[in-house]
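As structure tokens, the structure follows; a few thoughts come after it.
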Amino acid sequence: MQTLTDTALAAHLADVAGHLLIAVRDSDVLSLKALGKAGDATANQFLCHALRENRPDDALLSEEEKDSEERLGHSRVWIVDPVDGTREYGERRADWAVHVALAIDGAATHGAVALPGANDGKGLVLRSDAPIVVPPAPDRLRMVVSRTRPAKEAVAVAEALDAELIPMGSAGAKAMAVILGEADIYLHTGGQYEWDSCAPAAVALAHGLHASRADGSPLVYNQRDTYMPDLLICRREHAALVLDTMAGFGAGL
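Throughout, my numbering is defined as the position within the sequence shown, counted from one, plus 24.
What follows is the structure in structure tokens.
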């Protein structure tokens, strides 16, 4: 599959991994706890083997594999999250995702996010080389937040902007909701890792959205410490408003 472009490879692998995950879940032979572990392991093994086979000269960072600082010497690093939203996956919800991204020199340049449970179970893959038309925004802003533990900063910003709060599962599902016109702002301040946001950021940027840290600084990947404290993905026309509102709170939150 060397003939595939980087983004085409990312999209194909994310799609296949999503189908594998659905098959594991629909086997109905695993408990909820075991299902999450089995799904993570199955998708991770497929993605990592496929990437090493098809892009042997590139480095790899996966949530489900032991990290190696060897990747820091590479310009091209694949960053994957085999199951973004393990809880939602196990609960047979639609708001979980598969992330496959390529970061080049620290930037999220190529990526795909598969939403296997979306589209009435038919699945959907959003990719950085095939942007769709982002639907127009309604009059009242809508902000997606964690359905189980919404960050207080995000809630405070939503209240300040009189934005409707939309609880949702995984990071990938929330970011793609902005592209799909189901939300306008995704602000997360509860801490994530590079694999949580690299593919969503690549896809969002390709769709003309704003993607940055919560203070407006760039998202930089393939760092020694893979922890990323915050993330903002939104329509470009709303970015300054959200960033100014965040800055106005300062350390008061």
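Idealized CB from N, CA, C, for every residue including glycine.
Practice prompt. With DSSP collapsed to three states, give me the class of Arg-164.
Written response: coil
Discussion item. Tell me which residues share the same chain as Gly-114 and place their Cβ nearer than 6 Å to its Cβ, disregarding the 5 neighbours each side in the sequence.
Written reply: Leu-56, Leu-59, Gly-60
Item to complete: State the Cα-Cα distance for the pair Val-48 and Leu-71, rounded to the nearest angstrom.
Response: Roughly 15 Å between the two C-alpha positions.
Fill in: Burial state of Ser-152, where buried means 16 or more other Cβ atoms lie within 10 Å
buried
Discussion item. Here's the rule: buried if 16 or more other CB atoms are within 10 angstroms of the residue's CB, otherwise exposed. What is Gly-276?
Written reply: Below a pLDDT of 50, predicted positions are generally treated as unreliable, and Gly-276, at 47, falls in that range; no measurement from the model is reported.
Worksheet entry | Counted within 10 angstroms of its Cβ, other Cβ atoms place Arg-248 as buried (16 or more) or exposed | By the neighbour-count definition (other C-beta atoms within 10 Å, threshold 16), Arg-248 is an exposed residue.
Discussion item. I'd like the span of the beta strand (DSSP E) that includes Val-124, first residue to last.
Written reply: 121-128
Practice prompt. Determine the direct distance from the alpha carbon of Leu-189 to that of Gly-214, and round the result to whole angstroms.
Written response: 16 Å
Worksheet item: Which residues mark the beginning and the end of the beta strand (DSSP E) in which Ser-236 is found?
Response: Taken as a continuous stretch (DSSP letters only), the beta strand (DSSP E) holding Ser-236 covers 234-236.
Worksheet item: Distance, Cα to Cα, Ala-127 vs Thr-133?
Response: Spanning the two alpha carbons is a distance of roughly 6 Å.
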